[in-house]
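Note that the sequence shown covers residues -16 to 137 in our numbering.
All residues carry an ideal CB built from backbone N, CA and C; glycine is no exception.
Accompanying notes for the structure given below.
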Amino acid sequence: MKYVCTVISVADIKAARKFYEDLFSLEVYQDYGRNIAFTCGLALQQDFDWLVNLPKEKILKKSNNAEIVFEEQDFDGFLSKLKEYSNIECLGEVIEHSWGQRVIRFYDLDGHIIEVGEDMKMVIKRFLATGMTMEEVSVKMDASVEDLTRLLNS
């Protein structure tokens, strides 16, 4: 058994493709017209009700029960890029989790929650740059020094 992808419902495949290519720099792996798969494992499906054989009214917008997660090395640069999308509805401002990762959440064009977080390697480097030791970073992030070192070296 192998994991293949996650498929999300979209109303307009062309608009959704442009959104994901432009904002997240995703690369198309396969394009079947009303189904587009990106190299990262995310797929878009127009006419999702047809695909899964459910009535159209059963396909909910803003169900708020899952999120698509991205990590970005240049988090501040991404925030600047996001501001260019005036029609994006954010779920609050940027927050910093207790482990130090900054994230922002917003809805895509079809009401799916998107989380973009600071790349975890960058979080570790940011803490180290402030003078924290790996042991202090380990306590802050609730992760072993070994796991943090492995992540830094990956």
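In the DSSP output, which residue or residues are listed as bridge partners for residue i?
i	result
Q29	V(-7)
I96	E50, Y90
E4	According to DSSP, which records beta bridges pairwise, E4 is partnered with nothing at all.
E101	E55
If residue i and residue j are in contact, beta carbons under 8 Å, what's the gap, nearest whole angstrom?
i	j	result
E19	L6	The sequence as given places Ile at residue 19; Glu does not occur at that position. 15 Å between Cβ atoms; not a contact.
I97	E40	Actually they are not in contact, since the Cβ atoms of I97 and E40 sit about 24 Å apart, beyond 8 Å.
F58	E101	4 Å
For a test of your reading of the model: does the CB of residue i fall under 7 Å from any non-hydrogen atom of the ligand HEM? Yes or no.
i	result
M117	The ligand HEM is absent from the structure shown, which contains no ligand whatsoever.
Starting from the Cα of residue i, find the closest Cα among the options and give me that residue.
i	options	result
L25	C(-12), S46, T132	C(-12)
V(-10)	A(-2), C23, S8	C23
G138	Y90, E55, G114, Y68	Residue 138 is absent from the structure shown; the chain starts at -16 and stops at 137.
S81	F53, V120, R88	V120
R133	F53, M103, F21	M103
N138	V11, G94, D14	One cannot answer for residue 138 here, as it falls past the ends of the chain, which runs -16 to 137.
S46	A112, M115, S(-8)	S(-8)
L111	G83, G100, V35, R88	G83
S63	V35, I87, L135	I87
L65	D14, L135, E10, V99	V99
Alpha helix (DSSP H) runs contained entirely in the segment 7 to 89, provided each spans 4 or more residues: As far as the segment 7 to 89 is concerned, its whole alpha helix (DSSP H) runs of at least 4 residues are 31 to 35, 58 to 65.
Assess contact between the segment 24 to 44 and the segment 114 to 130, defined as three or more Cβ pairs (one per stretch) separated by less than 8 Å. Is contact present? No: fewer than three Cβ pairs fall under 8 Å.
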